[in-house]
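Q: This structure is in structure tokens; I'll ask about it shortly.
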Amino acid sequence: MDLKSKIYSLNPVIILGAIAYFFFSSCNGLASNNADYAPSYSTKHLSKKILFFGVVNPAYYEKLDPLIKYLNKHLTDVQVQTVAGSNFDAYLEKLDKRYYDFTLINGMKALECEKNGYAIVGKEDNDENYRGVILVNRDSMVNHFADLKGKTIASPGKQALAGSMMPLYFLHTNGINVNKDIRISYHSSFESAILSVYLGKSTAAMSWLANWKEFVSKRPEIESKVVIKWQTFPLMNVALLFRNDMDAKIAAEIKKLIFNLQNSKEGMEVLKEINATKFVPANTRNYQTLNEFVKKYHAAIHLD
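Position one of the sequence shown corresponds to residue 70 (the numbering used here), numbered consecutively onward.
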């Protein structure tokens with residue numbers, strides 16, 4: 070019998086046993102060489118906790134994007150996503166449902182939100198900039214407050230503090246019965262309110278001074294037709310609002326980054342881009358003077 074015939078005549082059980090021996094011997098060798106082996110995973114790709122930062126509309130999304138990019142660059146275990154409302158009312162609806170983890174909002178609404186699970190933790194500095202303005206066409210015949218009687222004034226929304234409430238109260242203190250003497254045209258944003266004057270659809274428009282400056286910096290042609298006619302008195306600048314159940318460590322990290330923007334070159338660039346000087350710690354007590362304004366406003370002005 071030749072060698073080939075001898076191999077084929079081997080007992081199949083013996084062949085299988087030999088294969089099994091060599092297989093398990095190899096496995097045991099690998100196991101002994103890797104007794105301490107455990108899989109390791111890069112933390113770089115682990116999912117971070119997501120926080121939602123609320124803004125009034127897409128224009129604010131663009132304006133505050135440098136701040137959010139800065140936070141995401143320096144935060145460790147959290148990622149911030151900006152969520153913009155379609156308009157002020159839609160933004161407030163999400164705020165009422167506690168959808169946002171943090172936001173920047175006027176002091177009046179901030180005080181209201183403290184009753185709904187939020188806390189004032191800071192504010193934008195420089196209250197002198199928190200003024201309302203009344204805008205008119207450069208060539209208009211509006212020279213005195215009485216010239217607005219019977220005219221249409223564009224508003225970015227009933228609950229816009231500097232953009233509507235402060236200008237209306239200012240007109241009230243200067244002899245205009247805003248409940249009867251003027252027609253108010255409500256718009257979805259401050260841009261559209263300003264454009265209504267630019268396009269000749271409204272005699273005047275109300276806006277927050279900061280919004281006006283921001284808008285004309287991007288659309289300088291607007292100033293060829295629209296000018297500030299009057300400015301209101303200042304009130305407390307916008308509040309930094311956190312959900313009161315935000316993780317304490319994350320909250321502290323975000324506050325540290327925001328309150329120290331002015332202390333680095335990178336942070337100063339962010340402040341410049343969002344037209345702010347700095348942010349400072351604040352709480353409910355800082356905004357108590359707003360309650361007096363709100364009382365006076367509602368006592369004098371009753372809009373449908």
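Glycine is no exception: its CB is placed at the ideal position from the N, C-alpha and C atoms. Since we're looking at a predicted model, the values are computed, not measured.
Spell out the partners DSSP gives W374 in its beta bridges.
A: With the chain covering only 70 through 373, there is no way to say anything about residue 374.
Q: Check whether the segment 307-322 touches the segment 169-189, counting contact only when three or more Cβ pairs, one atom from each stretch, lie closer than 8 angstroms.
A: With a cut-off of 8 angstroms, the segment 169-189 and the segment 307-322 count as touching, because enough Cβ pairs lie within range.
Q: Classify R207 as buried or exposed, calling it buried when 16 or more other Cβ atoms lie within 10 Å of its own Cβ.
A: Looking up residue 207 in the sequence shown gives position 138. Counting Cβ neighbours within 10 Å, R207 comes out exposed, since fewer than 16 surround it.
Q: With I291 as the anchor, note down where its alpha helix (DSSP H) starts and where it stops.
A: Taking the first residue of the sequence shown as 1, we reach residue 291 at position 222. Looking at the DSSP string, I291 is not in any alpha helix (DSSP H), and its letter there is neither H nor E.
Q: DSSP on P127, reduced to helix/strand/coil?
A: Here residue 127 refers to the residue found at position 58 of the sequence shown. Note: P127 maps to helix in three-state DSSP.
Q: Can you give, in chain order, each stretch of the alpha helix (DSSP H) that sits fully within the segment 147-198 and has at least 4 residues?
A: Taking only runs of at least 4 residues, the alpha helix (DSSP H) segments lying wholly in the segment 147-198 are 157-165 and 176-182.
Q: Skipping 5 residues on each side, what residues in its chain have a beta carbon closer than 8 angstroms to that of D250?
A: As a first step, residue 250 must be located in the sequence shown, where it is residue number 181. The residues are L217, K218 and G219.
Q: CA-CA distance, N248 and H241?
A: For the purposes of this step, residue 248 is taken as the residue at position 179 of the sequence shown. For the purposes of this step, residue 241 is taken as the residue at position 172 of the sequence shown. The alpha-carbon atoms of N248 and H241 are separated by roughly 9 angstroms.
Q: Across which residues does DSSP place V349 in a beta bridge pair?
A: Position 280 of the sequence shown holds residue 349. Looking at the DSSP assignment, V349 forms a beta bridge with K192.
Q: Under a three-way DSSP split, which group does A223 fall into?
A: Counting from 1 along the sequence shown, the entry for residue 223 is found at position 154. Three-state DSSP puts A223 in a strand.
Q: Taking the CB atoms as reference points, tell me whether G186 and N360 lie closer together than 7 angstroms.
A: In the sequence shown, residue 186 corresponds to position 117, counting from 1. In the sequence shown, residue 360 corresponds to position 291, counting from 1. No; because the gap between Cβ atoms is not below 7 angstroms, this pair is not in contact.
Q: On a CA-only basis, which of G123, L133 and L340 is nearest Y169? Give me that one, please.
A: The residue you call residue 169 lines up with position 100 of the sequence shown. Nearest of G123, L133 and L340 to Y169, Cα basis: G123.
Q: By the 10 Å Cβ neighbour count, where 16 or more other Cβ atoms means buried, how is F311 classified, buried or exposed?
A: Within the sequence shown, the letter at position 242 stands for residue 311. The residue is buried, with at least 16 neighbouring Cβ atoms inside 10 Å.
Q: For V285, name the three-state secondary structure that DSSP assigns.
A: The count along the sequence shown starts at 1 and reaches residue 285 at position 216. Of the three classes helix, strand and coil, the one that applies to V285 here is helix, per DSSP.
Q: Which class does A229 belong to by DSSP, given the choice of helix, strand or coil?
A: One-based indexing of the sequence shown puts residue 229 at position 160. Here A229 sits in coil by DSSP.
Q: Please report the straight-line C-alpha distance between A320 and K118, rounded to a whole angstrom.
A: Here residue 320 refers to the residue found at position 251 of the sequence shown. Here residue 118 refers to the residue found at position 49 of the sequence shown. Computed Cα separation, rounded: 13 angstroms.
Q: Taking the alpha carbon of V285 as the reference point, which residue from A128, S116, E162 and L120 has its own alpha carbon closest?
A: Within the sequence shown, numbered from 1, the residue matching residue 285 stands at position 216. Checked all of A128, S116, E162 and L120; the closest Cα to V285 is A128.
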